[in-house]
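This report refers to the structure that appears directly beneath it.
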Amino acid sequence: MAFVASKERKENHLHVLLIATGSVATIKAPLIIQKLLTYDRVEVEVVATGAALNFINTDQIEAAGSRIWTDSVDWSAWKKVGDPILHIELRRWADVVLVAPCSANTLAKIASGLCDNLATCILRALAPSTPTFIFPAMNTHMYEHPLTARHLDIVKDVIGYNIIGPIGKALACGDIGAMTEWSDIVQLVVTRWSLTPKESASKSPAMVAPLISVESSTTQTQTHIDLSAGVPPLEEIARDYPPMFTWDQVKDQVDSGDLAALKRHPALQQRYDKWIHQVKIVHGSVVNYLVNIRLGWGPTASRPASPGSRTEPTYADDASSLEPPESASVRPLTPSTNNGRMWFTADIAEPLVKILPNDWPYSVPPEIRHYVVWSRLPITHPRIVPAQIWDRIVQDGLWGFSGSTYKPKGSGDKSIDQLIRQAGAEVRTYVENKWPAEEYEVAWFVNPPVRIIPSLTYERK
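Residue numbering for the sequence shown follows the UniProt record's numbering, starting at 1 and increasing by one per position.
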């Protein structure tokens, strides 16, 4: 079965991609995997180069609790444009990449920009904002070679990866110089992302430090929980949670087509997770809360029709489809028209569309605001998305920029880029109308199945 990042990623989990290369230190990979998986909400996938397979096999990785991916399966699921390509899906999936161990050969390839195997293709396609750690492992003469010093400088100073080690330790060949201790590699991840052991997590549920004020009453019900009390004001976020991304990094991340790498500060994420726990207690799900309370729309519509069917989208009119609590006010969504059009257009207006600020923003500078445009009509539709790129758009989404000189990288095919621009024309015009280019820089992204347009805006001073 093909690996697709959107299906494999788990909400509020840390996704660790471990790349093992041709060094005897690869035998430590199962230990790294096993230890990482003792922590709560951690997922690990492993990529092994051909040389790494001299030291490890599939059974060892699977026994440790993970899966191993090799060169032979990189393009195995690809038959046509829009099909998943493994090195792209894995880079979308990963929150952090560990190249442990990194051999002299792989180090040279990374520094030279080569893409001749699954591992180097992932690294070359990786978003610049994805934290990547290189753990060199080679004998002393290899490490002291003048080219190695140059390669390390390029990887650290030009590409921006973190170089950790090597350390002094006897290697298989008898020389000195080895990969950082596997336990230290695990601890680096644990510390940076504030991971909690699974046992501690089970003993200390999300409600240990409640952020929500609950009214004391003998007839206490779910509706007495004040969810707004747990949302920190923007001033507090700016003061207590330093930004992790610059505006330029945000634009690069949007242009990569992968917003998953945009993260909240770890401490803010913990507060958010606890707040979400309370939301689910009150409303059953986050969708219920958004649709019924924040938006006041009731049940959402079905996913857009495919180009092959040429059918109009259908709508849910049964309030029970979202299973809200009895106290939630539900107004079923019935078929509506947008000047006779059943899809998102630049002139769409309320009540078919609403703009909500993200109360729990990513860790970006305070002058950057994150808004989400919610639409009751499909943002993608056969009438505006050319059939040639339908699968591509549904899988990858649409994105763009306004008010800035930022140049998107594009697909490399001018005809495809023109079709993509055509598909996003309505959204682009809508965004520019709401956030004029003279006043704002905007990076926007469309997630068609969910019918949202996340927009990160930077107000010019």
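Just so it is clear, CB atoms sit at the ideal spot from N, CA and C, and this is done for glycine as well.
Per-residue burial, residue i [other beta carbons within 10 Å of its own, 16 or more giving buried]
i           : result
I453        : buried
L36         : buried
V73         : exposed
E43         : buried
E326        : Only weak support is given to the placement of E326: the predicted model assigns it a pLDDT of 35, under 50, and the value that follows is read from those uncertain coordinates. Label assigned to E326: exposed.
K280        : exposed
P242        : exposed
A443        : buried
V250        : buried
A127        : buried
E438        : exposed
residue 465 : The requested residue 465 does not occur in the structure, where the chain is confined to residues 1 to 461.
H13         : exposed
P30         : buried
I355        : exposed
S415        : exposed
N447        : buried
S183        : exposed
L419        : buried
R451        : buried
P351        : exposed
P365        : exposed
T345        : buried
R376        : buried
Q422        : exposed
R271        : buried
P361        : buried
Q253        : buried
N162        : exposed
V158        : exposed
A20         : buried
R239        : exposed
T191        : exposed
residue 504 : The requested residue 504 does not occur in the structure, where the chain is confined to residues 1 to 461.
N288        : buried
K79         : exposed
Given residue i as reference, the closest of the options once Cα atoms are compared
i    : options                   : result
G50  : T380, N162 and L118       : L118
V231 : D252, Q187, I276 and A104 : I276
S363 : K198, A267, W75 and G160  : A267
H381 : T148, V4, W182 and G397   : G397
F3   : W193, W297 and W69        : W69
V46  : S455, I122, I85 and V155  : I122
I384 : V394, E426 and P361       : E426
A349 : N288, T58 and N433        : N433
W247 : E236, W343 and S404       : S404
A25  : I85, T120, S103 and Q34   : S103
For residue i, the first and last residue of its enclosing alpha helix (DSSP H)
i    : result
K434 : A425 to K434
G7   : It is worth fixing the name first, because residue 7 is Lys in this sequence and not Gly. It spans A5 to E8 - the alpha helix (DSSP H) in which K7 sits, taken as one unbroken run.
E62  : T58 to A64
T120 : L118 to A125
E235 : L234 to D240
V446 : Run containing V446: none in the alpha helix (DSSP H); it sits in the beta strand (DSSP E), Y440 to V446.
H87  : L86 to W93
K80  : Element bounds for K80: n/a, residue is neither H nor E.
V73  : Element bounds for V73: n/a, residue is neither H nor E.
Under 8 Å between C-beta atoms of residue i and residue j
i    : j    : result
Y440 : T457 : yes
A100 : F55  : no
G410 : D417 : yes
M179 : G165 : yes
R91  : A125 : yes
A94  : L17  : yes
D391 : G82  : yes
A5   : E62  : no
Y39  : K156 : no
A137 : S23  : yes
S66  : A261 : no
Residue i beta carbon near the ligand HEM (any heavy atom closer than 7 Å)
i   : result
V47 : Within the structure as shown, the ligand HEM is missing, as the structure has no ligands at all.
Endpoints, the beta strand (DSSP E) within which residue i is located
i           : result
S375        : I368 to S375
I453        : I452 to E459
residue 502 : It is not possible to answer for residue 502, since the shown part of the chain is limited to 1 through 461.
T132        : T132 to P136
L18         : L14 to A20
W275        : From DSSP, W275 is part of no beta strand (DSSP E) but of the alpha helix (DSSP H) over P266 to H283.
L356        : V353 to P357
L98         : V96 to C102
A29         : First-last for A29: A29 to L36, but that is the alpha helix (DSSP H), not the beta strand (DSSP E).
E45         : V42 to A48
Can you give, in chain order, each stretch of the beta strand (DSSP E) that sits fully within the segment 144-199 and has at least 3 residues? As far as the segment 144-199 is concerned, its whole beta strand (DSSP E) runs of at least 3 residues are 167-170 and 176-178.
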